[in-house]
Each structure stands twice: as structure tokens, then as C-alpha cells.
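Participant: These protein sequence lines map, in sequence, to chains S and P. Taken in order, the first sequence gives residues 603 to 897; the numbers are from the working numbering. Taken in order, the second sequence gives residues -17 to 364; the numbers are from the working numbering. My structure is below; once you've seen it, I'll send some questions.
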Amino acid sequence: MTTATIAGAKKTGLARIVERWPVKTAVWLIAILWTIPSFGLLVTSFRPRDDIRGSGWWTVFPDVWDKAHWTLSNYQTVLSTGGFANAFLNSLAVTIPAVVIPITIAAFAAYGFAWMDFPGRHVLFALVVGLMVVPLQMALIPILRLYTRFDLVGSFPAVWLAHAGFGLPLAVYLLRNYMGSLPSSVIESAQIDGADHFTIFWRLILPLSVPVLASFAIFQFLWVWNDFLVALVFLGLEPRSQVLTVALANLAGNRGEAEHLLPAAAFVSMVLPMVVFLSLQRYFVRGLTAGSVKG
Amino acid sequence: MGTTPSLADHDTTGTSSDGGGPNGGRLGALRTVAAVAAIAAIIVVLAVSASYLRDENANRLLQVLLAIALGVVGVWAFYWAMDRGVSALPEALSERVRPIVFVGPAAVILGVYLVYPAINTIIISFMDRQSENFVGVDNYIDVFTKSDTLTSIRNSILWVIIVPVITVAIGLAFATLVDKLSKRSEASAKSLIFLPMAISFVGASVVWGFVYSFRPAGFGNQIGILNAIWTALGNDPINWLSVQPWNNAFLMVIVIWAQVGFAMVILSSAIKAVPSEIVEAARIDGASEIQLFWKVVFPSVLSTVVVVWTTLVITVWKLFDIVYVMTGGRDGTSVIAERMVTEFFKNFNFGAGAALAVILFVAVTPVMVINVRRFQAEEAIR
């Protein structure tokens, strides 16, 4: 108490440094505490099978440089016989279109709402915004039945369109607000030059909307890549078509014999989102605030 | 095979329309033909690739690349062809129809994937397990009387009360502390806390599955760090995930761990937005750092705290993955969203599943409305 008051009253350089030490220690303690679980898993993923089962990951530390402690075989097994290379491909095949399709559909709709005049556009837009409150759980059973009837369960487009549907209200809303705030003089002068709506949209509005498109794309990418529920219900457990999260959950489910493969499998599923996340953090933070209204 | 000639047609229309020539009668007819051909080509491509994608023996890499190309190019080709098709119509008509090209697909998707299912789910919730007969409110009565669903409702309420508050508190504390560090250490410390946001809840479950790992006494070393510390202190190992009711708390830790980064990042930018003159003025007036926080910083970030809190409430209320993967809802850990999937996906009781979905929806709606309203107000300022 007293030290804090003194430091508050008279700000000498020394007082600031002294005051910083406890704060620094606290920050780094929390940061390390937060990292230990994933760090332990990372270390575990490179240990031989018997080591993983026989001792904790921290036991490698007395002699870290002993080569006998380390192996890549878990990753090899997971990727080849474990089917995670396949699951990685499936995750890509689900995620990339499930990002591009809703953004495209939303961008066209947002342009329509912002710059086209048609009866009922305000009502329709309000409806779209209102749909943000519907949680995707409300859609699972009817859509699964629909897909079963048309034999779409387990196909990529089934998942793409489901993700498009669930992501669309937020995307339309965000893009409409952004596009609507662009200066109308730009659009009007293009129209006078004889450009049609499609050209204006493609040549003018889309390039100007890159920041908001990027935020939503990163948000949707992480959302779809990390999604388990939608993939489980609409793509299923079939090894040929399952995505990483489903494959990982499966592997975790039959713990006993595959426990030593779990850490490597987990990191295979995490590597891409981590790279995307770390390299594009700035856009992601912007998207996060907006994403707080996703249904 | 029959697709190549029509693909060539795409190009001719593309160039002729870009040339922007007058809408002569012959050109208009040509365009109509081309647009029809383009749509036909898309259908043929879709049909051919659909059968290839269904081929069990085909190379998976090729299939995946084809699927991605199809999805990405397909959606653009679809809009392009529709727009060309509309342009071929007489001008007065085409300008009236064009909004349908832009807004129509979104409306259709939302209708099929949100409006229709939501209504349908409400209807199913009043029908029996196979949705054959109406049973009135029986499913709801079941949900509120059977012990397993009651457990899941109780747990979900506990989750919503406990997890968002703790997450916001840690996030805010960390954001406040980290603000006092130098720029570089601030960025790296933040990244460490934020990184779990990139991990799926399934991945987080695996991470923590190892932390909570349990070997009965006498069955070898503890490989989970929690039990290793616990037994080193002279206790018997504990199977953390089966001790009721504490196993719920151990599951909550995972979500807190994963979500603190989100709270921290957003609160941190709010703290940085507090005008430094006010902070300095309070310091000169002799306010302690603790007083400064409660009297100056906290009131100015309160609205952001509410935003983060409501967002976490929604996330936690709909939480499914962690419980499903870690315990499968056993040992009194089930929550509503997990129970819902178990009911319709494992027990094939669609009536009960739908009733749980409706409960989820009704409970989340007020919070969502607040969030959307707030967001609208914020966007209006921007």
C-alpha cells in the first residue's frame, strides 16, 4: 500500500523501475502458466512411445540434448497410417470454399443492399440482421434430415453451404455497413461512365473493401477450421471424408492404444491456424470485436 | 468432356461485353445464347465433378484440389453467369431483375439454412422422437423433469455464471498489468496468452487431457503434470475428470484458458483508449495505482467489459466440443448443447434434441439482441 502511494505521489525514475518489477514478474508468471499445457504437449509429441507412456514430459529436462529422448515417428505414424494427412486435406477442402463462398454471397448481397434500389430492401436487410440471433444448433436437425433425403451427408458442398448459411448474417451485416460507408460519388461517376453494377462491384467496391473482407475471412477461416460440430454432423465419421477436428476427437475417444499419437495429431491440426493467426493477428483482432455477434 | 467448347464461349462473351458496344439485336441474341451455354456448362462441370468426388478410389489430393477449385470458382462463375443472363434481357426488365441476382442467393441460403430449420426445429420439438406424432409439450416436460437433462441445465447455468466472470477478470487483470510493460515484452506476453484462441476446442481438450492425465496408484508414473505435482505433495493420484462436482470446474478451466486471450486483447485496446491526461492527472492528485484502476480505468472500460462478458456468455452457453470430447457428458458433466447433440445424434431422439435446441435459442436471444443492438450503435459511430 505505502509503496504504491509513494510511487504514485512522486514519480522518480527509480520508483518506476522498482514498481515495475512485481508487475513484470506477475505478467511473466501468468504467461508461462498459460503456455505450460501446450508446451508440455509439444514436448510430448516428439518423445518416443514408451517414454510418453512411462514418464511425464518434464523428465526430459535434465539431459535435453540426449538424442534418445526425441523422435519424429509419432508425426510419421499420425500422418501416414493415422490418416491425418488425409484429414488435413479434407480440412482444407472444407475450409477454403467455406470461407470464399459466404464472403462472395455476402459481398454481392451487401452491394445490393447498399447500392441498389429495390422494393423491400430495408425490411429484408433487417431480417438478415435479425437472423444473427439464431444459434446454429437450431438448424442441425432439419438440415441433417434434408441432407439425408438428398443423399448429401458426407459431401463437401453440404458442409460449405451449411457454413455459408451460418456465417452469412454476420458477413452481410459487416460488409453492408462497410460498403454503405464508401463515398457515393465514386459509384455515381462510374455509373455515368457507363459501368454496370457487376463491373462497379468487381472493379471498385471489392478492392475498396479489402480490410473488412480480410477481417471476416480470417475470422471465418479459424471458425471453420476449428469447427467440430458442423463437420461431425454433416461430414460424419467416415475416415475418407473426416476433417482434422473429427479425426482428433476420434483418436482422443479411444485413448488407450493411441495415447502416444495424440500430441502429434493435435499439433498437425493446430499448425495452420497458428500460422494464420500469428501472421495476421492484427486483422483478426478487428474481426473478433465484430465476431462477438455471431449466432 | 462436353465442357471445353462452352468454356470457349465464356471468353467470347467476356470480351464482347467488356468492349461495352451498343446492345444491338444480333449481339443481344448472341449474349443470350452464350449465357445459356455458360449456365449449361456449369451444370455439366458440376455433374461430372460430383461423380468424380464421390469416387472412393480416386486420388484424394486431386479430389480435394478439384473440390476447392469447384467451390471457389463455382460460386463466382455462378454470379457471373447469372449477371450475364440478366444483361441479355431487355434493358428495362434487366434493371428490375438485377437486384435478385445480387441479393437473391443470400436470401435463398438464409431461408434454407436458418429460417426454414428454425421453424422446423420448433415444430419437431412438439413431436415424438421420430417426429411422427404431435405430443404437445411432452418433450419440454421431459427436459425439465428427467434427471440427466436437469443436470445439463444446471451445469449450463453454472458455466454461464462462473466462466465469463472469471475469464473477464483474468483478462482485465492481465491487460492492466501488461500495459505497464515495455512495448516489446507487452507484445510477446500478449501473444502467449492469446495463442490458445487459434486452437480448436478439440485441440484444447487434447492439451488438457494430458494435464489431467491419471494413472491409478501403483500403475506407473503420473504423466499428467497435475497428478505429478499432487502426488509429489504426498497425496494419492486423483482422476480429475470423474470427481463430482469438481470435474465441472476442471472442464471450465479449459474454456477459461482458451478464452482469456480474447477478453484480454479487447480489454487491452479499451484500456489504451483511456485518455492519458486523465490518468496522469489522477496520479498527480496522489491516487494509488489501485485507486487509479477502480476509480478511473475500470469505469471507462466498463462498456467493453459488458461486451466481452455477453460474448463469453453466448460462447459458453452454446459450448459443446470440450464436454463432448473430454467426458462425453459422463459423471455429471453434461451441458445443454452437448446433451442436444447426444439426444439427436446418438439416441436418435429428435423431439428431445429439438426441445433442447429451442431452449438454447430462447435463452440466448435476449443476450444476442443486446449484443447486436450495441454493435449497431458502435458501427453507427464509426
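Backbone N, C-alpha and C define an ideal beta-carbon position, used for all residues, glycine too.
Work out the CA separation of L159(P) and R622(S) for me, nearest whole Å.
Facilitator: In the first sequence, the residue the question calls residue 622(S) occupies position 20. In the second sequence, the residue the question calls residue 159(P) occupies position 177. Those two C-alpha atoms are separated by around 9 angstroms.
Participant: Between which residues of its own chain and P841(S) is the CB-CB distance below 6 angstroms, once the five residues before and five after are set aside?
Facilitator: Walking along the first sequence from the start, residue 841(S) turns up at place 239. Within the same chain, P841(S) has close Cβ partners G685.
Participant: Do N137(P) and T309(P) have their beta-carbon atoms positioned less than 8 angstroms apart in this structure?
Facilitator: Stepping through the second sequence from its first residue, residue 309(P) is reached at position 327. Stepping through the second sequence from its first residue, residue 137(P) is reached at position 155. Taking 8 angstroms as the Cβ cut-off, T309(P) and N137(P) do not qualify as a contacting pair.
Participant: For A359(P), which of helix, strand or coil comes out of DSSP?
Facilitator: Against the second sequence, residue 359(P) aligns to sequence position 377. In this structure, A359(P) counts as helix in the three-state DSSP scheme.
Participant: Provide the residue span of the alpha helix (DSSP H) that contains R166(P), from first to last.
Facilitator: Against the second sequence, residue 166(P) aligns to sequence position 184. K165 to F176 is the extent of the alpha helix (DSSP H) around R166(P).
Participant: Quick one: is P650(S) near chain P, going by C-beta distance under 8 angstroms?
Facilitator: As a first step, residue 650(S) is located in the first sequence; it is residue number 48 there, counting from the start. Answer no: the Cβ-Cβ gap between P650(S) and chain P never drops below 8 angstroms.
Participant: By the 9 angstroms beta-carbon criterion, what residues does the segment 626 to 641 of chain S contribute toward chain P?
Facilitator: K626, A628, V629, W630, I632, A633, I634, W636, T637, I638, P639 and S640
Participant: Any contact of the segment 283 to 296 of chain P with the segment 163 to 181 of chain P, i.e. 3+ C-beta pairs under 8 angstroms?
Facilitator: No, because fewer than three Cβ pairs between the segment 283 to 296 of chain P and the segment 163 to 181 of chain P fall closer than 8 angstroms, the two stretches do not touch.
Participant: Of the choices A22(P), I143(P) and A100(P), whose alpha-carbon is the least far from that of F60(P)?
Facilitator: One-based indexing of the second sequence puts residue 60(P) at position 78. With distances taken between Cα atoms, F60(P) lies closest to A22(P).
Participant: Scan the segment 324 to 348 of chain P and note each continuous beta strand (DSSP E) run of 3 residues or more that stays entirely inside, going in chain order.
Facilitator: none
Participant: How about L249(P) and A157(P): do their beta carbons lie closer than 8 angstroms?
Facilitator: By one-based count along the second sequence, residue 249(P) stands at place 267. By one-based count along the second sequence, residue 157(P) stands at place 175. The answer is yes: Cβ separation under 8 angstroms.
Participant: Applying a beta-carbon distance threshold of less than 7 angstroms, which residues of chain P neighbour I745(S)?
Facilitator: Counted from its first residue, the first sequence places residue 745(S) at position 143. In chain order: Y95 and P99.
Participant: For the alpha helix (DSSP H) holding K254(P), just list the boundary residues, first then last.
Facilitator: Here residue 254(P) corresponds to residue number 272 of the second sequence, with the count starting at 1. Residues W228 to K254.
Participant: Using the C-alpha atoms, what's the distance from F803(S) back to V85(P)?
Facilitator: Taking the second sequence and counting its residues from 1, one reaches residue 85(P) at position 103. Taking the first sequence and counting its residues from 1, one reaches residue 803(S) at position 201. Using only the alpha carbons, I get a separation of about 13 angstroms.
Participant: If you measure from the beta carbon of W291(P) to each beta carbon in chain S, is any gap under 8 angstroms?
Facilitator: Position 309 of the second sequence holds residue 291(P). False, the Cβ-Cβ gap to chain S never drops below 8 angstroms.
Participant: Can at least three beta-carbon pairs, one atom from the segment 709 to 717 of chain S and one from the segment 860 to 874 of chain S, be found at a separation below 8 angstroms?
Facilitator: no
Participant: Could you say which of Q358(P), F332(P) and V349(P) lies nearest to F108(P) if we only look at CA atoms?
Facilitator: Along the second sequence, one-based indexing puts residue 108(P) at 126. It is F332(P).
Participant: When we look at the beta-carbon of K254(P) and count the other beta-carbons within 10 Å, is it buried (16 or more) or exposed?
Facilitator: Within the second sequence, the letter at position 272 stands for residue 254(P). It is exposed - the Cβ of K254(P) has fewer than 16 other Cβ atoms within 10 Å.
Participant: By alpha-carbon positions, which one of L338(P), P219(P), V188(P) and F326(P) ends up nearest to T127(P)?
Facilitator: As a working mapping, residue 127(P) is identified with position 145 in the second sequence. Closest by alpha carbon: L338(P).
Participant: Who are the Cβ neighbours of I707(S) in its own chain at under 7 angstroms, not counting the five residues just before and after it?
Facilitator: Your numbering for residue 707(S) matches position 105 in the first sequence. So the list reads A766 and L770, once near-sequence residues are dropped.
Participant: Can we say the segment 664 to 671 of chain S touches the segment 213 to 231 of chain P, given the rule of at least three CB pairs closer than 8 angstroms?
Facilitator: no
Participant: For chain P, check one thing: does any of its Cβ atoms lie closer than 8 angstroms to the Cβ of H799(S)?
Facilitator: Walking along the first sequence from the start, residue 799(S) turns up at place 197. Contacts with chain P at 8 angstroms (Cβ-Cβ) include H799(S).
Participant: Based on the DSSP output, what are the partners of M109(P) in its beta bridges?
Facilitator: Stepping through the second sequence from its first residue, residue 109(P) is reached at position 127. According to DSSP, M109(P) shares a beta bridge with F116(P).
Participant: Could you tell me how far apart the beta carbons of A860(S) and V845(S) are, in whole angstroms, since I believe they sit closer than 8 angstroms?
Facilitator: To locate residue 860(S), count along the first sequence from 1; it is residue 258. To locate residue 845(S), count along the first sequence from 1; it is residue 243. Cβ-Cβ separation between A860(S) and V845(S): approximately 18 angstroms, too far for a contact (criterion under 8 angstroms).
Participant: Where does G191(P) land, buried or exposed, given buried means 16+ other C-beta within 10 angstroms?
Facilitator: One-based indexing of the second sequence puts residue 191(P) at position 209. Flag for G191(P) reads buried.
Participant: Please tell me whether K736(S) and F327(P) are closer than 8 angstroms, where the distance is taken between their beta carbons.
Facilitator: Here residue 736(S) is taken as the residue at index 134 of the first sequence, counted from 1. Here residue 327(P) is taken as the residue at index 345 of the second sequence, counted from 1. Residue 736(S) is actually Val in this sequence, not Lys. The Cβ atoms of V736(S) and F327(P) lie no closer than 8 angstroms to each other.
Participant: Is there a Cβ of chain S sitting closer than 8 angstroms to that of Q365(P), yes or no?
Facilitator: Because chain P spans -17 through 364 in this model, residue 365(P) falls outside it and cannot be assessed.
Participant: Restricting to Cα atoms, I'd like to know which of T286(P), V188(P) and P178(P) is closest to N353(P).
Facilitator: As a working note, residue 353(P) is residue 371 in the second sequence. Per the Cα distances, T286(P).
Participant: Got a sec: is the Cβ-Cβ distance from I703(S) to anything in chain P below 8 angstroms?
Facilitator: Residue 703(S) sits at position 101 when you count from the first residue of the first sequence. It does: the Cβ of I703(S) has a partner Cβ on chain P nearer than 8 angstroms.
Participant: Can you look up P841(S) in the DSSP assignment and give me helix, strand or coil?
Facilitator: Working through the first sequence from its first residue, we reach residue 841(S) at position 239. Per DSSP, reduced to three states, the secondary structure at P841(S) is coil, with no helix or strand assignment.
Participant: Any contact between the segment 53 to 73 of chain P and the segment 774 to 785 of chain S? By contact I mean 3 or more CB pairs, one from each, below 8 angstroms.
Facilitator: no
Participant: Suppose the cutoff is 8 angstroms on Cβ atoms and the five residues either side in sequence are ignored; what does the same chain contact list for S182(P) look like?
Facilitator: In the second sequence, counting from the first residue as 1, residue 182(P) sits at position 200. Close CB contacts of S182(P) within its chain, under the 8 angstroms cut and outside five residues either way in sequence, are with D303 (chain order).
Participant: If contacts are defined as beta-carbon pairs under 8 angstroms, then I50(P) and I318(P) qualify, I think. What distance do you get, rounded to the angstrom?
Facilitator: Here residue 50(P) refers to the residue found at position 68 of the second sequence. Here residue 318(P) refers to the residue found at position 336 of the second sequence. Between I50(P) and I318(P) a beta carbon distance of about 35 angstroms is seen, past the 8 angstroms cut, so the two are scored as non-contacting.
Participant: Leaving out the 5 sequence neighbours to the left and right, which residues in its chain are closer than 6 angstroms to A210(P) when beta-carbon positions are compared?
Facilitator: Here residue 210(P) refers to the residue found at position 228 when the second sequence is read from its first residue. Cβ neighbours of A210(P) beyond the five flanking positions: Q204.
Participant: Is it buried or exposed for P198(P), if we count other Cβ within 10 angstroms and need 16 for buried?
Facilitator: Your numbering for residue 198(P) matches position 216 in the second sequence. Answer is exposed; the Cβ neighbour count stays below 16.
Participant: Does chain P have any CB closer than 8 angstroms to the CB of I802(S)?
Facilitator: As a first step, residue 802(S) is located in the first sequence; it is residue number 200 there, counting from the start. I802(S) does not count as touching chain P.
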